[in-house]
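Chains as they are written, first to last, in our numbering: chain Y, 198 to 308; chain L, 42 to 157.
What follows is the structure, given as structure tokens:
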């Protein structure tokens with residue numbers, strides 16, 4: 198079955214510290230992996246996707262197929278990074294394509 | 042285009058009543074998704090449409106839930122005989138997907154359902 202796990206419900210770091218939000222997945226094919234973010238009182242929005250290989254707002258994520266992981270990293274956290282972060286997987290599930298989301302990690306960046 | 046819009050934003054109902062939510066996607070998007078989210082959880086997939094065709098429905102979805110997208114534009118999600126366990130945020134998202142490349146999901150602000 199397709200599944201996304203995020204082991205940390207809450208992650209607190211100080212401003213300027215590195216941050217890593219963990220994501221592991223199970224999928225039998227070649228998935229596409231995404232990170233979505235929800236800032237306070239805003240709707241869910243895409244942060245980055247693995248095929249783009251971009252750095253967005255200083256965040257990067259590398260797909261490790263051997264470890265089935267897609268961890269989100271930022272070298273120097275900022276207070277405005279405080280938000281809920283969801284890892285998501287898209288793959289050919291049944292006869293269509295679907296998105297499966299992890300339970301989310303709340304990142305709190307302390308001053 | 043103001044993005045994905047959902048109506049109503051909040052709905053309070055008594056157990057046993059029927060409720061209907063509406064989602065208006067971004068106009069050129071061909072896919073529309075419904076998710077449910079409860080406190081402390083990520084969005085849980087309910088169903089999705091490609092144009093007007095409902096391509097997948099979660100096995101977790103009971104027969105009390107039905108969704109339509111009659112002309113491939115807006116969609117409705119109806120819950121019949123609501124139960125307290127149906128209380129959640131119902132999220133709609135849309136995307137444009139073509140040529141095998143998965144489109145980014147654009148989410149609405151959600152419709153919060155409270156069943157008393």
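Just so it is clear, CB atoms sit at the ideal spot from N, CA and C, and this is done for glycine as well. These figures come from a predicted structure and were not determined experimentally.
**Message:** In whole angstroms, give me the CA-to-CA distance for residue 200/Y and residue 156/L.
**Reply:** 29 angstroms
**Prompt:** Quick one: Cα of residue 236/Y to Cα of residue 281/Y, how far?
**Reply:** 7 angstroms
**Asked** How would you call residue 142/L, buried or exposed, if buried means at least 16 neighbouring beta carbons within 10 angstroms?
**Response** exposed
**Message:** Could you check whether the Cβ of residue 300/Y sits closer than 8 angstroms to any Cβ belonging to chain L?
**Reply:** yes
**Prompt:** In this structure, does DSSP put residue 51/L in helix, strand or coil?
**Reply:** strand
**Request:** Compare the C-beta of residue 118/L with all C-beta atoms of chain Y and state if any pair is closer than 8 angstroms.
**Result:** no
**Message:** Can you look up residue 127/L in the DSSP assignment and give me helix, strand or coil?
**Reply:** helix
**Prompt:** Quick one: complete beta strand (DSSP E) runs, 3+ long, within the segment 62 to 91 of chain L?
**Reply:** 72 to 78 and 85 to 91
**Request:** Let me know the secondary structure DSSP gives residue 135/L once reduced to three states.
**Result:** strand
**Among 231/Y, 225/Y and 216/Y, nearest to residue 263/Y - alpha-carbon criterion** = 225/Y
**Asked** Using a Cβ-Cβ distance under 8 angstroms, would residue 49/L count as near chain Y?
**Response** no
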